[in-house]
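Right, one structure below, let's go through it.
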Amino acid sequence: MTEEKNPASSHFIANIIREDLQTGRYDRVHTRFPPEPNGYLHIGHAKAISIDFGLAREFGGLCNLRFDDTNPIREETEYVESMKQDIRWLGYDWDDRLYFASDYFDKLYRWAVDLIRKGKAYVCDLNADEIREYRGTLTESGRESPYRNRSVDENLELFARMRAGEFPDGSRTLRAKIDMSAANINMRDPIMYRILHATHHRTGDAWCIYPTYDWAHGQSDSIEGITHSLCDLAYEIHRPLYDWFLERLQVHRPRQIEFARLNMTHTVLSKRKLIRLVRESHVRGWDDPRMPTLCGLRRRGYTPEAIRTFCDRIGVAKRESVVDAGLLEHCLREDLNLRAPRVMAVLNPVKVVIENYPQDKEELIDADNNPEDASMGTRKILFSREIYIEKNDFRETPPRKYFRLSPGREVRLKHAYYITCTGVIKDPETGEIVELRCTYDPESKGGSTPDGRKVQGTLHWVSAPHAIKATVRLFDHLFTRENPFDLPEGADFTDDLNPESLVELENCPVEPGLASAEPGSRYQFMRHGYFCVDTVDSRPGRLVFNRITSLRDTWAKIEKKSLRLE
RNA sequence: UGAGGCGUGGCCAAAUUGGUAAGGCUCCUGACUCUGGAUCAGGCAACUGUAGGUUCGAGUCCUACCGCCUCAGCCA
């Protein structure tokens, strides 16, 4: 599944853009993805990336990558690199348009001086607590700072001295002079610059005052000639402030449009919560395959194509919603079904001895690699007298509608022969089934017989003497609840962590051909699901597979239902 | 009791700026099948937050109400 023909997007942002193009408000489309380099990108960012880059692509425009690095204390080059990698992996490209808000520090500084000259900004000596006090509350208006009416000259001088490093951190700020009684708190003389004697990941020690996000963001978009600034609903209330700055500065004005961020069932997507999962070792790091981070999903084996399809299908709207994680899994199956080579692996093995098959005979059997795609060819698999099958594929007393093996019943071994169960060997102590005895029908080679008789079940298997052993990690939702925030009073979201989100199986017999499987390559383990060779822990002789997602399991559903009925 | 947003089937989400509710996921049937996979065909399910109003006709316009979200960092 690759380039599916995208019909023109019909969500509200696309409609606005179409209209802007028609009315001539803009004659082109230029967007940008503006992350702060202070963490790892996750599936929620993938939605934003897909909107920003996708819309530009759809309308024949451009999309910049700009890092909003206005806070030297939190930002690191390491994050810049990981974000670039993740965006490229997703399949998007910013060409030569890689920018940083810090590229604009000089310009921003000059603009600030302009505003001071126009009497629209002033240096305030209030400390953080005092500023909060003066700001007022949601229902009461604020009070003007006693420093609000300094002369332009004094402001100019003080601002220059702030920049020169004459004052300690937090002692002064530069504020926009707007309206302390504004109903929108963001308009109550917001801070434009704060003093921070900190080393910036790119500008080093060139600055000791740094612009706030609110002061930097709109102007950065303006400088880059952005036409449509797409962002999170959270910035809706800031829009009047961005427009205020741009208007005073008399510069190019992008149109900001806000959309709802992504939420997904059974996981969390807030930076704060993800950090806790890592710090408190609930997962094995940022790239733990259970994490919703892009590096986690990548390691798990998710494909960029599936993630893009997912982003297309969830739509874009202003209403906050929670998308069913099942949709992402669906997109994965849809993609992998067409591309993943099929292979046989037994996760919970029980040995089967085929009594009428010669002791030292072995056979090479042809098997197609993907029934969906003949061009993926065939391979040879080994068959012998002793094989492994799934414990689950045998029942001593089969329930109704059970198609698999049971005493006296005949089933097909995929690609190989029909076998009939003739005996069960149990551990005399525990009663556990340790081995099954079967006979095979030599006529059934290849999976069918001359008499054309039907069997109900087809099992996967691996030849015991030829099998190689692998570690297989089965992942499940990180959180048990659909919404990990819907918790009883006083509970913490970590209380809902799924204890079975990772089940590790050792020594699973798999086809010997898998010995050469490349890290990162994906397979379908027949009748199980899609698996990916782990890029971190897997090595020759010690294969580790991650389950990307399971196959749809109709039998599990039937079984569960009948259990409920009993 | 400030301001700004949002409310369409179980979950997402459309509806040519009033014309009589797309599509996807889920779920359920059936067909087919050497993966109880895939595929195909079909089906269940919404009086569009509530109550009024305008209109021949309203998810789309008006009024009132209800619910939910965001904002009081020198974070972004």
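All letters in the first sequence, in the order written, are residues 616 to 1181 by the numbering used here. Glycine included, each C-beta is placed from N, C-alpha and C at the ideal position. Since this is a predicted model, take the numbers as computed values, not measurements.
Asked: Element boundaries [beta strand (DSSP E), containing Ser-999]; Found: 993-999
Asked: Three-state secondary structure (DSSP) of His-1030; Found: coil
Asked: Three-state secondary structure (DSSP) of Tyr-1145; Found: strand
Asked: Contact set for Ser-1136: own chain, Cβ-Cβ below 6 angstroms, skip 5 residues either direction; Found: Val-1148
Asked: Straight-line gap, Ser-1021 to Glu-1119 (C-alpha atoms, nearest Å); Found: 28 angstroms
Asked: Touching by the beta-carbon criterion (3+ pairs, under 8 angstroms), the segment 846-861 and the segment 685-694; Found: no
Asked: Span of the beta strand (DSSP E) around Asp-1168; Found: Per DSSP, Asp-1168 belongs to no beta strand (DSSP E) and is neither H nor E.
Asked: From Met-879, Pro-1134, Asp-927 and Thr-1073, residue whose alpha carbon lies closest to that of Met-1141; Found: Thr-1073
Asked: Distance CB(Met-802)-CB(Leu-856) smaller than 8 angstroms; Found: yes
Asked: Length of the line joining the Cα atoms of Arg-868 and Leu-636; Found: 15 angstroms
Asked: Beta-carbon spacing of Leu-1063, Arg-905 below 8 angstroms; Found: Checking the sequence, you will find Ser at residue 1063 rather than Leu. Cβ distance not < 8 angstroms, so Ser-1063 and Arg-905 don't count as in contact.
Asked: Three CB pairs or more closer than 8 angstroms across the segment 995-1006 and the segment 957-971; Found: yes
Asked: Residue closest to Leu-1178, alpha-carbon to alpha-carbon, out of Arg-750, Ile-628, Asp-721 and Pro-1014; Found: Pro-1014
Asked: Beta strand (DSSP E) segments (min. 3 residues) lying fully within the segment 940-1019; Found: 964-969, 977-983, 993-999 and 1001-1005
Asked: Residues sharing a beta bridge with Ile-1048, DSSP; Found: Lys-1041
Asked: Same chain, Cβ closer than 6 angstroms to Glu-618, neighbours up to 5 away in sequence not counted; Found: In this prediction, Glu-618 scores a pLDDT of 33, lower than 50, which makes its location untrustworthy; no coordinate-derived value is stated.
Asked: Span of the alpha helix (DSSP H) around Cys-910; Found: 909-915
Asked: Inter-residue Cα distance where the pair is Gly-1105 and Glu-895; Found: 19 angstroms
Asked: Entirely enclosed alpha helix (DSSP H) segments - the segment 813-889, minimum 4 residues; Found: 828-838 and 854-864
Asked: Buried or exposed (CB count within 10 angstroms, at least 16 for buried), Gly-1144; Found: buried
Asked: Buried or exposed by the 16-neighbour rule on C-beta atoms within 10 Å, applied to Lys-1016; Found: exposed
Asked: Asp-847 versus Val-883 - alpha carbon distance; Found: 17 angstroms
Asked: Distance between Asn-985 and Pro-1057 (C-alpha atoms, nearest Å); Found: 25 angstroms
Asked: Asp-902 versus Val-1151: straight-line alpha-carbon distance, rounded; Found: 10 angstroms
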